[in-house]
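Put into C-alpha cells, the structure is as follows:
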C-alpha cells in the first residue's frame, strides 16, 4: 500500500531513488575539471611555485583570493539557517538544508586552498608541531576547525530524522542510512535529545561563524600593509561573507529547483524574501566599502594612496569597477523592484554578487601586495594556467560534493516540511497570539512556567 | 534469522559507536594540539601568554562541541525504548 505522506513528498525522494543520464554527464564533466586542477597541482608540486604567477612582492594571488571567497560563501548556510531557525521564520523550512550543505562543502574547499598555496604541503606538519599562537594564521586554522566541526554537526543533527525515513524505505544504501540514523525511532526521549542539541548548536554556531570571518580579516588587518591595516575589516568581511552567502544560496536554490523540479517547494516567495535580505546586504556592503575607502582617502597617507589609486585608475581599475558593477549596480537594478519576475531578478542579482564578491576578495589581496609599504620593488600579478586550472578544479569539486550529497540525502528537509504542514499553522497562530498585548496563548505541553512559550524547544 | 538480525544489529551499533569515538578523537585531538602549542611556547618562553589567551577562547568552544556530540550519541543510541 503506498504511503500517503511519501506520495505527497515523492519529489523529494526522486533525486535519491532515480538516477538519470544527466547525473552521469554532470559528474563526468566535473571530474574532468577536477582532473585538470589535479594535473595543474601536480605540475606545481613537481616544479615549485615558480610555475604560478606568484612572486615577490605578490606572494598571495588566486589561491588566497579563493580561500577568502570560499570561507565567505560558507556563511551562507549555518549562519543564515541558524538565524532563520532561531527566529522561527516559517519560510526557512525548504531552504535550511541546502544552505547548511553549502557551508560544509565550501569550508573543505576553502581550507584546502591554503594547502595548495604552500609550495611544500609537507610543511603543514610544522604548524602542528611548532605552531605559534602569535600568528593570526594560526588563529585562522583554529577558528576554521571549530567552524567546520560545528557546521558539520549542525548539518548532521537535523538530517537524522530524514536519514531514518530513508532507512525505513525499501531501496539502496540501507547500511549507510541505518548507521547514520543512530537508531532513530522518533521516541519522546530521542526527540527531546535532538531538539535540545539542535537548539544548542543553532545558538553556538552564530558567534563561531562571525568569529571565523573576523579572524580571516585579522590575517590582513593585523599587518601594517596599506589598505589592510583597518579596524573595520572585521565587520567588513563578515558583511561581505553574509552578502555572498545569501547570493550563493539563491543560486543553489534556483539550480536545484529547476533540475529536480522542486517548484512546489521552492516558491517565488522564498526568492522574494531572500531577495529582500540580499538588497539590505547590498546597501550594507556598499556603506562599509565606502567607509573603508573614505578613511584611507581622508588620511591621505602616501603608501595608502598608492594602493587607492591603483584600484581606482591604475592597473586594477577593471577589477575595482567590475566589483562595483557586479556588487552594487546590477543587484540594485534587479532588486529594488522585484515585480512579477522575483525569481529571475533575484537569481540574476545573486549570480552578479557571486562574481562581484570574488572580485572584491581579489581587490583586497593583490593591489596591496603589488604596492608594499616596505621598500620592495613594486610588482604586477599575472596568474598562469596553473592557478586558472586549480580555481576551476576547486569550483568543480564543490559542485561535485553538492551533487553527490543531493544523490545520497534529501536536499530539502522532509521532516521539517511535514512538521510545517502538520503543526506549523497552529504553532504560528499560538505564537502570534502570545506576541499581541492583552492575549496569552497556552504553554505547549511539557513546558511550565509563565514564560513557557518562549522556552518551547524546537519541535520535530 | 533472528540471530542473523542481531549480529547485523550489533555490527551497526559497533560502527555507530566507532563513529562517535572518531568524532571524540578528532575534537579531543584538536584540544590536545592546542595544549601542545601552549606547552611548546612555555618551554621556549615564546610569549606563552598569547597562546594561553587564544586557548582560553578556543578550548571551551571545542569542549562544548564535544559535549553536544556525546549528548547526542548517548541520548539516541542509549535510548533502549527505541530498540
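Protein chains in written order, with this note's numbering: chain F, 143 to 602; chain X, -18 to 64. Built from N, CA and C at the ideal position, the CB exists for glycine as well.
query	result
Below-7 Å beta-carbon distance, residue 60 (chain X) vs any chain F residue	yes
Short Cβ contact (7 Å threshold) for residue 323 (chain F) with residue 309 (chain F)	yes
Unbroken alpha helix (DSSP H) run spanning residue 400 (chain F), endpoints	375 to 401
Residue 589 (chain F), buried or exposed, once every other Cβ within 10 Å from all chains shown has been counted against 16	Only weak support is given to the placement of residue 589 (chain F): the predicted model assigns it a pLDDT of 47, under 50, and the question is left unresolved by the model.
Exposure label - residue 30 (chain X); buried when at least 16 CB within 10 Å	exposed
Residue 395 (chain F) versus residue 408 (chain F) - alpha carbon distance	7 Å
Rounded Cβ spacing between residue 504 (chain F) and residue 198 (chain F) (contact assumed at less than 8 Å)	The Cβ separation is near 19 Å, so there is no contact.
Neighbour-count burial assignment, residue 577 (chain F), 16 or more Cβ in a 10 Å radius	exposed
Residue 386 (chain F) versus F:526, F:159, F:219, F:562, residue with shortest Cα-Cα distance	F:219
When F:403, F:399, F:426 are compared against residue 413 (chain F), the one with the closest alpha-carbon	F:399
Short Cβ contact (7 Å threshold) for residue 417 (chain F) with residue 470 (chain F)	no
Backbone secondary structure at residue 463 (chain F) - three-state DSSP	helix
Cβ-based contacts, 7 Å cut-off: residues of the segment 275 to 299 of chain F near chain X	275, 276, 281, 284, 287, 288, 291, 292, 295, 299
Contiguous alpha helix (DSSP H) assignments of at least 4 residues, all confined to the segment 210 to 264 of chain F	219 to 228, 238 to 259
Residue 197 (chain F) in three-state terms, based on DSSP	coil
Below-7 Å beta-carbon distance, residue 356 (chain F) vs any chain X residue	no
Same chain, Cβ closer than 6 Å to residue 526 (chain F), five either side skipped, listed in chain order	194, 195
Residue 453 (chain F), enclosing alpha helix (DSSP H) - first and last residue	444 to 454
Length at least 4, wholly inside the segment 261 to 333 of chain F: the alpha helix (DSSP H) runs in chain order	266 to 272, 278 to 298, 302 to 309, 316 to 322
Residues that residue 343 (chain F) contacts on chain X, provided the C-beta gap is smaller than 9 Å	46, 49
N- and C-terminal bounds of the alpha helix (DSSP H) containing residue 418 (chain F)	410 to 441
Interface partners of residue 150 (chain F) on chain X, CB under 7 Å	Within 7 Å Cβ-Cβ: nothing; residue 150 (chain F) doesn't reach chain X, min ~26 Å.
Inter-residue spacing [alpha-carbon to alpha-carbon] between residue 54 (chain X) and residue 184 (chain F)	41 Å
Contacting positions in the segment 311 to 336 of chain F - beta carbon closer than 9 Å to chain X	317, 320, 321, 322, 323, 324, 325, 326, 327, 328, 329, 330, 331, 332, 334, 335, 336
Integer-rounded CB distance, given that residue 46 (chain X) should sit under 8 Å from residue 8 (chain X)	6 Å
Residue closest to residue 449 (chain F), alpha-carbon to alpha-carbon, out of F:370, F:493, F:404	F:370
Neighbouring residues, chain X, relative to residue 253 (chain F) (Cβ below 7 Å)	Going along chain X, no residue has its Cβ under 7 Å from residue 253 (chain F), so there is no contact; the nearest lies around 14 Å.
Three-state class that DSSP yields for residue -9 (chain X) in the structure shown	helix
At least three beta-carbon pairs within less than 8 Å, the segment 173 to 192 of chain F to the segment 347 to 362 of chain F	no
Beta carbon of residue 190 (chain F) nearer than 7 Å to that of residue 261 (chain F)	yes
CB contact check: residue 600 (chain F) to chain X, cutoff 7 Å	Only weak support is given to the placement of residue 600 (chain F): the predicted model assigns it a pLDDT of 45, under 50, and the value that follows is read from those uncertain coordinates. No, because no Cβ of chain X sits closer than 7 Å to the Cβ of residue 600 (chain F).
Distance, residue 36 (chain X) Cα to residue 44 (chain X) Cα	12 Å
Secondary structure of residue 469 (chain F), DSSP reduced to three states	helix
Endpoints, alpha helix (DSSP H) assigned at residue 407 (chain F)	Note, residue 407 (chain F): premise wrong, no alpha helix (DSSP H); not H, not E.
Cβ neighbours of residue 510 (chain F) in the same chain (closer than 7 Å, five flanking residues each side left out)	367, 368, 369, 370, 449
Neighbour flag for residue 441 (chain F) against chain X, beta carbons, 7 Å	no
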